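**Student:**
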Amino acid sequence: MTSALGLKRKPSLEESRFAAFRRRLSGLLVLPGDDAYHSARRVWNGMIDKTPAVIAYCAAPSDVAESIAFARESGLAIAVRSGGHNIAGKSLCDDGLVIDLSRMRRVTVDSESRIARAQGGALLADLDVATQAHGLATTTGVNSDTGLVGLTLGGGIGRLGRKHGLSCDNMLSAEVVTADGRILNASEHENADLFWALRGGGGNFGVVTEVVYRLHSLGPMVLAGSLIYRWRDARAALRLYAEFAAAAPDDISADAALMTLPGGDRGVSISAFHAGPLEQAERALEPLRNAIPPLEDRIRAIPYVELQRAGDATFPRGDRFFWKAQFLRTIPEAAIETLIDIYPAAPSPRSLFVFQQVGGAIARAPAEQSAYANRDAAFDAFPVSIWTDPAEDEANAAWASAAYEAMRPFGTNGVYVNNLGDEGEDRVRAAYGANYRRLAALKRKFDPANLFRANQNVRPAD
Ligand SMILES: Cc1cc2nc3c(=O)[nH]c(=O)nc-3n(C[C@H](O)[C@H](O)[C@H](O)COP(=O)(O)OP(=O)(O)OC[C@H]3O[C@@H](n4cnc5c(N)ncnc54)[C@H](O)[C@@H]3O)c2cc1C
Numbered sequence: 029m030t031s032a033l034g035l036k037r038k039p040s041l042e043e044s045r046f047a048a049f050r051r052r053l054s055g056l057l058v059l060p061g062d063d064a065y066h067s068a069r070r071v072w073n074g075m076i077d078k079t080p081a082v083i084a085y086c087a088a089p090s091d092v093a094e095s096i097a098f099a100r101e102s103g104l105a106i107a108v109r110s111g112g113h114n115i116a117g118k119s120l121c122d123d124g125l126v127i128d129l130s131r132m133r134r135v136t137v138d139s140e141s142r143i144a145r146a147q148g149g150a151l152l153a154d155l156d157v158a159t160q161a162h163g164l165a166t167t168t169g170v171n172s173d174t175g176l177v178g179l180t181l182g183g184g185i186g187r188l189g190r191k192h193g194l195s196c197d198n199m200l201s202a203e204v205v206t207a208d209g210r211i212l213n214a215s216e217h218e219n220a221d222l223f224w225a226l227r228g229g230g231g232n233f234g235v236v237t238e239v240v241y242r243l244h245s246l247g248p249m250v251l252a253g254s255l256i257y258r259w260r261d262a263r264a265a266l267r268l269y270a271e272f273a274a275a276a277p278d279d280i281s282a283d284a285a286l287m288t289l290p291g292g293d294r295g296v297s298i299s300a301f302h303a304g305p306l307e308q309a310e311r312a313l314e315p316l317r318n319a320i321p322p323l324e325d326r327i328r329a330i331p332y333v334e335l336q337r338a339g340d341a342t343f344p345r346g347d348r349f350f351w352k353a354q355f356l357r358t359i360p361e362a363a364i365e366t367l368i369d370i371y372p373a374a375p376s377p378r379s380l381f382v383f384q385q386v387g388g389a390i391a392r393a394p395a396e397q398s399a400y401a402n403r404d405a406a407f408d409a410f411p412v413s414i415w416t417d418p419a420e421d422e423a424n425a426a427w428a429s430a431a432y433e434a435m436r437p438f439g440t441n442g443v444y445v446n447n448l449g450d451e452g453e454d455r456v457r458a459a460y461g462a463n464y465r466r467l468a469a470l471k472r473k474f475d476p477a478n479l480f481r482a483n484q485n486v487r488p489a490d
């Protein structure tokens, strides 16, 4: 160690401990004094401003085990970061250790067995690109730089969900480093209780370093895109969306948004996707396309990989975001009136009110099949505030909170755990419903000291 005067000095006990930790890792350690520290502590949501004591870029499961051991020895809290996309910034913690998996993004595909093996830091695009090279895919989300395993551990809602189930329903096995540093495999046949908990239970049960997914045939060309409607047709468009979605076969997944058009007028979009052959898809989407004359019809044949990236520009990394989500079973007339009333009050023209369709195969699985509950929902519904100026934080968060409250009478009280902000224990319980008790018992088994608590935390049962 060299002091400011250029004199050699003895490293502090703290520096020696970090130096020893650094030697034990094959990956990289970033500390507050390092040049890389300030970029290393940024995540997707620019609202998040946390200062970890150390960030460990792990390169192998053994690095993860070393990091967990170091945190335990040092009494440091642990956060786990995969894609860094979590709205609440749960992948960082103040003064603790961040286990970052972004150097572990390898995806390999076995096209004969129709499985993909993805490391814990892979992004959705890594899986989509690797699987589509073989005409295969599995359910992932709609923003291509989201962390695949972070998304899967909470459930994983996406365009293929109604046909093939959630991402976690397509998880065949996982490799997990648990709180005591063991590297375990979890599947229906091995550590089946842990496997149950991982499919929806989030980051509560350990650090997942690899997931094996079941794959399905798809594309590579699919029919998908948005219909944009004028604000004067907003009521009719939302009614059309509610009816079309309710009657849609599993091949179709339809989302909708109240939005502001480039010229400043408000509008409504319905985004439809069909998982089948193009001709069949054309026929299936025709009634929707012909129902109300849209301002624009952007539905077209598109490579699935391109479609999966199409929404990225709406949610740029580093901008400021706030949302509050809830599940709905239907979109009744009164909900449509509420939406027409509340959306124009959004302070930012970039803000949206979004509906993401679920149901289909997701809803046909029993709620006790895995930790993911709320399978009976039809829509995940949420106001999304998007802005850049910190001076506008309060107004944008207030609008989204008010919009969420206004829609509560139409909600199921259930919520998707991956869309939760810092909303308290009651909302975590609402994400798990009757599955919460079993999760708490498994938390006591696998993480009795609640080492993994920088998440939507399930506390160990007493
Ligand atoms: C723009 C945007 C679009 C989205 N769209 C969808 C969508 O279409 N469908 C959907 O289902 N969700 C969607 N989400 C929500 C997304 O699933 C969550 O934000 C999820 O937490 C992202 O995972 P991540 O790895 O990027 O997050 P991170 O912030 O890195 O991690 C979040 C939490 O996940 C846990 N975690 C992550 N990786 C691991 C791991 N390897 N082992 C153990 N725990 C881990 C940790 O508890 C961590 O705190 C979207 C989010 C955003 C911001």
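Here the sequence shown stands for residues 29 to 490, where the numbers follow the working numbering.
Yeah, the Cβ is synthetic: ideal placement off N, Cα and C, and Gly gets one too.
Computed from a prediction, not measured in an experiment: that's the story for all the values here.
#1: Quick one: which unbroken alpha helix (DSSP H) runs of 4-plus residues sit fully inside the segment 365-409? Chain order, please.
#2: I'd like to confirm something about Lys118: is its beta-carbon nearer than 8 Å to some heavy atom of ligand 1, or not?
#3: Check whether the segment 227-237 and the segment 471-489 are in contact - that is, three or more C-beta pairs closer than 8 Å.
#4: Do you know how far the Cα of Asn171 is from the Cα of Val58?
#5: Kindly indicate the opening and closing residues of the beta strand (DSSP E) around Ala88.
#6: Can the beta-carbon of Val21 be found closer than 9 Å to that of Ser201?
#7: Following a CB-centred definition, is Ser110 positioned closer than 8 Å to any heavy atom of ligand 1?
#8: Looking at chain B, is there any beta carbon in it that lies within less than 9 Å of the beta carbon of His66?
#9: Quick one, are the C-beta atoms of Ala165 and Asp154 less than 9 Å apart?
#10: Can you have a look at Lys118 and say buried or exposed, based on whether 16 or more other CB atoms are within 10 angstroms of its CB?
#11: Looking only at DSSP bridge pairs, what is Tyr241 linked to?
#12: Which word fits Arg392, buried or exposed, when buried means at least 16 other C-beta atoms lie within 10 angstroms of its C-beta?
#13: Around the C-beta of Glu494, are 16 or more other C-beta atoms found within 10 angstroms, so that it is buried, or is it exposed?
#14: Return the CA-CA distance between Glu14 and Leu268, expressed in angstroms with no decimal places.
#15: Would you check if the segment 45-57 and the segment 77-85 touch, i.e. whether three or more CB-CB distances between them fall below 8 Å?
#16: Please report how far the alpha carbon of Ile106 lies from the alpha carbon of Ala48, in whole angstroms.
#17: Name, in chain order, the residues that DSSP records as bridge partners for Gln354.
#18: Which residues mark the beginning and the end of the alpha helix (DSSP H) in which His66 is found?
#19: Considering Cα atoms alone, identify which of Tyr432, Phe383, Arg455 and Gly461 is closest to Glu396.
#20: How would you label Ser141, buried or exposed, when you count the other beta carbons within 10 angstroms and need 16 or more for buried?
#21: At the level of alpha carbons, what is the spacing between Cys121 and Thr168?
#22: Could you check if Trp415 belongs to the surroundings of ligand 1, using beta carbon to heavy atom distance under 8 Å?
#23: Tell me which same chain residues have a C-beta within less than 6 Å of the C-beta of Asn463, skipping the five on either side of it?
#24: Using the Cα positions of Phe438 and Ile359, report the straight-line distance between them to the nearest angstrom.
#25: Rounded to whole angstroms, what is the Cα-Cα separation between Thr440 and Thr366?
#26: Heavy atom of ligand 1 less than 8 Å from the Cβ of Ser67, yes or no?
#27: Is the separation between the beta-carbon of Ser95 and that of Leu125 shorter than 9 Å?
#28: Is Ala153 helix, strand or coil when you go by DSSP?
#29: Between Arg328 and the rest of its own chain, which residues show a CB-CB distance below 6 Å, the 5 nearest in sequence each way excluded?
#30: Sort out for me which residues DSSP pairs His302 with in a bridge.
#31: Can you pull the DSSP bridge partners for Leu470?
#32: Do Ala285 and Val296 come within 9 Å of each other at the CB atom, strictly closer than that value?
#33: Are the segment 258-278 and the segment 201-215 touching by the rule of at least three beta carbon pairs closer than 8 Å?
#34: At a cut-off of 8 Å, would you count Gln308 as near ligand 1, judging by its Cβ distance to the nearest heavy atom?
#35: Rounded to a whole number of angstroms, what is the C-alpha to C-alpha distance between Arg133 and Gly304?
#36: Are three or more beta carbon pairs between the segment 169-188 and the segment 334-342 nearer than 8 Å?
**Tutor:** Quick look at the numbers:
#1: 389-392
#2: yes
#3: yes
#4: 28 Å
#5: Run containing Ala88: none; DSSP gives neither H nor E here.
#6: The question about residue 21 has no answer, for the chain in this structure spans 29 to 490.
#7: yes
#8: Here chain B cannot be found, since the structure has a single protein chain.
#9: no
#10: buried
#11: Ala144 and Met199
#12: exposed
#13: An answer regarding residue 494 cannot be provided, because it is not within the stretch 29 to 490 covered by the chain.
#14: No answer is possible for residue 14: the residues shown for the chain start at 29 and end at 490.
#15: yes
#16: 18 Å
#17: Ala409
#18: Tyr65 to Ala68
#19: Gly461
#20: exposed
#21: 26 Å
#22: no
#23: Ala399 and Ala401
#24: 7 Å
#25: 17 Å
#26: no
#27: yes
#28: helix
#29: Gly253
#30: Leu251 and Ile280
#31: According to DSSP, Leu470 bridges with nothing at all.
#32: yes
#33: no
#34: no
#35: 29 Å
#36: yes
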